[in-house]
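Here's the structure we're looking at; comments come further down.
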Amino acid sequence: MKEPINIERLTSNHNRKIFDCGEEILNDYIRTQASQDLKKNMSAIYVAVSSTDPLQVIGFYILSATHILFSDLPSEIAQSIPRYPEVPAYRLGRLAVDKAYQGMGIGKTLIMDALYICSNLKVPAAMVIVDAKHQKACSFYLKYGFIQLPEQPLKLFIPMKVIKNTFS
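Just so you know, the numbering used here puts 152 at position 121 of the sequence shown, and the rest follows in order with no gaps.
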């Protein structure tokens, strides 16, 4: 990593205009849609900023509430939770790092920060879910303990029990 980073909630002061992770859909989201999601309370958006330029966004992720169908879970996971049709979860979405900072461990830092925040939220959930955009992203999440859903290989999850054990 070139320099220390901080992770904080997105504010209107953060500069998102030149953010470029190489994926136009993610660039467009942080540049134009993120502020609307904040205003409408659709998600919590966290940004990574460098300590030398604390207003320039160099990475981000979003957290929101969601659910997963009980029937979509692998049997070994389904055995350990109540049989409700829908299982409450947190969604880790749209994680991205600016191209100038890729390969420096910022993605890992963002994931760990998101999981730590989820482990301390007051509203219970059984897991954190992520929808990988492609196989490269799927492989990235697998390195951090996420598990693929059997019928939806680009949808991954990590049980809260695993997350809480990581941070205890």
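Beta carbons: idealized from backbone N, C-alpha and C, even for Gly.
Relative to the Cα of S81, the nearest Cα in the group E182, D162, M135 belongs to M135. Cβ neighbours of Y147 within its own chain (closer than 6 Å, five residues either side excluded): F198. Counting C-beta pairs closer than 8 Å gives fewer than three between the stretch 115 to 134 and the stretch 178 to 185, which falls short of the contact rule. Just so you know, the alpha carbons of L152 and K195 end up roughly 11 Å apart. Three or more Cβ pairs closer than 8 Å define a contact, and the stretch 104 to 116 falls short of that threshold against the stretch 62 to 73.
Counting along the chain, N44 sits inside no beta strand (DSSP E), nor does DSSP assign it H or E at all. Unbroken alpha helix (DSSP H) stretches of 4 residues or longer found wholly inside the stretch 106 to 141: 106 to 109, given in chain order. Take F50, set aside five residues on each side of it, and the residues of its chain with a beta-carbon closer than 7 Å to its own are N58, I61, R62, V88, D129, in chain order. Within its own chain, the residues whose Cβ lies closer than 6 Å to the Cβ of Y175, once the five positions on either side in sequence are excluded, are I142, listed in chain order. Exposed is the label assigned to G53, since fewer than 16 other Cβ atoms lie within 10 Å of its Cβ. The Cβ-Cβ distance between Y121 and T97 falls below 8 Å. Straight-line measurement puts the Cα of L104 at about 33 Å from the Cα of L41. Taking 8 Å as the cut-off, the Cβ atoms of V159 and L123 count as close. Sequence-distant Cβ neighbours of I108 in its own chain, meaning closer than 7 Å and more than five residues away, are P190.
In the same chain as I93, and ignoring 5 residues on each side of it, the C-beta atoms closer than 7 Å to its own belong to S74, A75, I76, G124, R125, in chain order. Close CB contacts of P35 within its chain, under the 8 Å cut and outside five residues either way in sequence, are with S81, S82 (chain order).
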